[in-house]
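Report on one structure; see the data block that follows.
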Amino acid sequence: MEQLNNEAQTSSSGIPKEENRDIVLGHRSCKTCDAKWLCIENVYQKFHRPNYYDIGGTYYLEDLPDFWFTSKTEQVGDIFLLHIFIQRYCEGSFSISISYGSEMEIDKKQKIVRLTKSLKEYKFENTRENSNSTQIEGEPELGCLEYVSTYNFSNLDVGFMKNKSLYIAIAFPSPKILNLNVFDKLLTVHTFEGLLKNLEDADFTLVSEDGEKFRVHKAILAAHSDVFKAMFREETIESQKQLVKLVDVTAEDLKYLIEYLYTGYLKNLENADFVNLLMIADRYNLKGLRHLSQCALAEQLTIENAFYILAMADMYDSNYLKAESLKFIKKNKDTLKVNTFKDITNAELVRELFTYLVDED
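Residue numbering for the sequence shown follows UniProt numbering, starting at 1 and increasing by one per position.
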C-alpha cells in the first residue's frame, strides 16, 4: 500500500493542500472534528483497476492520528461499486455520518464530482473486538477495517468522473454538527400544514403575475429563503406594504410554491410545472424545492424534451439535472434525430454536449 499512500499525498484535485482543512486526502492535516469531505483522486482509473486504495486520514490533534479511510473499487457486470472502509487507531466506540445514496453533482471548473450532502449515520461499538471487521489480506499493517458504505454507479456515471476527483461528504459528531442536523430535519419535515389551512393570522401577501393574491406568514417564508428574509427588513418597500408581486410566477405555480413551503411536499406532482418551480427555487434560493424539481424533471426526461431540460438545467446551474440529461441523451441516441438545437442557445453547452457524446466511457 506504500505506492497508494504516496499517490494520495499528491493532489490533482486543484485545491491547495494548505487550504480547505476539511478535506481528507492522504496525510494532509485534517482534524477529525473539521472533516467534511473524503477526496478520491483519479477515481475513473481506480474504477477500471479494481483494488483497495488509500483515501487518507484525520487527526485528533495536529500530529496524533485518529482515523484512516480506505476504498475498494469493484465491477459487477455494468455496475461499478465503491466500498468505503474506516479504521480507528485506538480502541473504542465511535460514529460517522457519510453521504447517503449515489446522487452526483458535477463541478466542471474545479474538476470534481460530489456525492449528496444528505448524510446517514453509522455507529461502531468496541471496534477492535468487532467480528464484522474486514481484514485486508496481505496488508497486516492496516489492521482491521470497518465497512461503512457502498456506492453504485453506471458506466455513464463513471464516464462523468474522467479527469475528476470524487468528493464524499462525511461528518463526525460534535455538538455543532448535531444541532445543524436537527435544524435540517426541522426544515425538511415541515409541521406547518395546520397554518396553511388557517390563515387568519397571516401577515403578508404574495401576488402572482396574473394578479391573484395569497395570504402567507412572513416567518414561514423567511425560514426557507434568505431572499424573502431580506424583503422583510423595515426599510424595504415590500416590508412597508406587506405585499410583493412575484414576476413571471403564475397563480398555479404560486399555489405549488406555498404548498411546498408549508408542508414540504406536493400532493399533485403530475400537474406541477417543475421547470417553472426550478426557476422559482433558483430565484428565491429554495434548496429543498430546487432538489425536488431536479429529481422530478430527471424522471420526466424523454427523447422529445431532453434538449430543453438540459438547457434549463444549465440556465439554473442545476448540476444533478444537467448530468442526468447528458446521460439520457448519450444513452438514447435517437434524441439527436428528433431534436433541433433551438432549445440550446449557449454555445458552451453545445460544445460540452458533443464532447460528452464523443468521449469514450
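From the three backbone atoms N, C-alpha and C, an ideal C-beta is built for every residue, glycine too.
Check                                                                                                                                                             : Outcome
Just checking my contact of E74 with L81 at CB under 8 Å: how many whole Å lie between their CB atoms?                                                            : 4 Å
Who are V358's beta bridge partners in DSSP?                                                                                                                      : DSSP lists no partner for V358.
Please name the residue, chosen from K245, G288, V247 and V249, that lies closest to E265 on a Cα-to-Cα basis.                                                    : The sequence given here places Tyr at residue 265; Glu does not occur at that position. Nearest of K245, G288, V247 and V249 to Y265, Cα basis: G288.
Compute the beta-carbon to beta-carbon distance between T166 and I40, rounded to the nearest angstrom, for a pair I have assumed lies under 8 Å.                  : Reading the sequence as shown, one finds Leu at residue 166 and not Thr. L166 to I40, Cβ: 4 Å. Contact.
Throw me the rounded Cβ distance for the N319 and I106 pair, which I believe falls under 8 Å.                                                                     : 5 Å
If you reduce the DSSP assignment to three classes, tell me which class A347 lands in.                                                                            : helix
Cα separation between D343 and E259?                                                                                                                              : 30 Å
Measuring alpha carbon to alpha carbon, tell me which residue in K327, Y147 and H224 is nearest S95.                                                              : Y147
Could you tell me the alpha carbon to alpha carbon distance between E238 and L206, rounded to whole angstroms?                                                    : 10 Å
State yes or no: is the C-beta of L261 nearer than 7 Å to some heavy atom of the ligand FMN?                                                                      : This structure simply doesn't include the ligand FMN, nor any ligand for that matter.
Mind checking N42: buried by the 16 CB within 10 Å criterion, or exposed?                                                                                         : buried
Taking S225 and Y284 to be in contact with their CB atoms under 8 Å, please state how far apart those CB atoms are, rounded to whole angstroms.                   : 5 Å
Excluding the 5 residues flanking K218 on each side, which residues of the same chain have their C-beta closer than 6 Å to its C-beta?                            : D203, F204 and F232
Can you have a look at I220 and say buried or exposed, based on whether 16 or more other CB atoms are within 10 angstroms of its CB?                              : buried
Within its chain, find whatever has a CB closer than 7 Å to the CB of M279; leave out the 5 residues flanking it on each side and keep chain order.               : Y316
With H, G and I counted as helix, E and B as strand and the rest as coil, what does DSSP make of D210?                                                            : coil
What's the C-alpha gap between residue 394 and Y52?                                                                                                               : Lying outside 1 to 361, the shown extent of the chain, residue 394 is not represented and no answer is given.
Between the C-alpha atoms of C295 and R49, what's the straight-line distance to the nearest angstrom?                                                             : 32 Å
Look at the Cβ atom of K162, then the Cβ atom of Y44, and state whether they are nearer than 8 Å.                                                                 : yes
Please list, in chain order, all residues of the same chain as N276 whose beta carbon is under 6 Å from its beta carbon, the five residues on each side excluded. : D253
Residues in the same chain with beta-carbon distance under 7 Å from A35, minus the five sequence neighbours each way, listed in chain order, please.              : D22, V24, T58, I170 and F172
If we count the other Cβ atoms within 10 Å of its Cβ and call it buried at 16 or more, is E125 buried or exposed?                                                 : exposed
Please list the terminal residues of the continuous beta strand (DSSP E) segment that includes Y147.                                                              : C144 to F153
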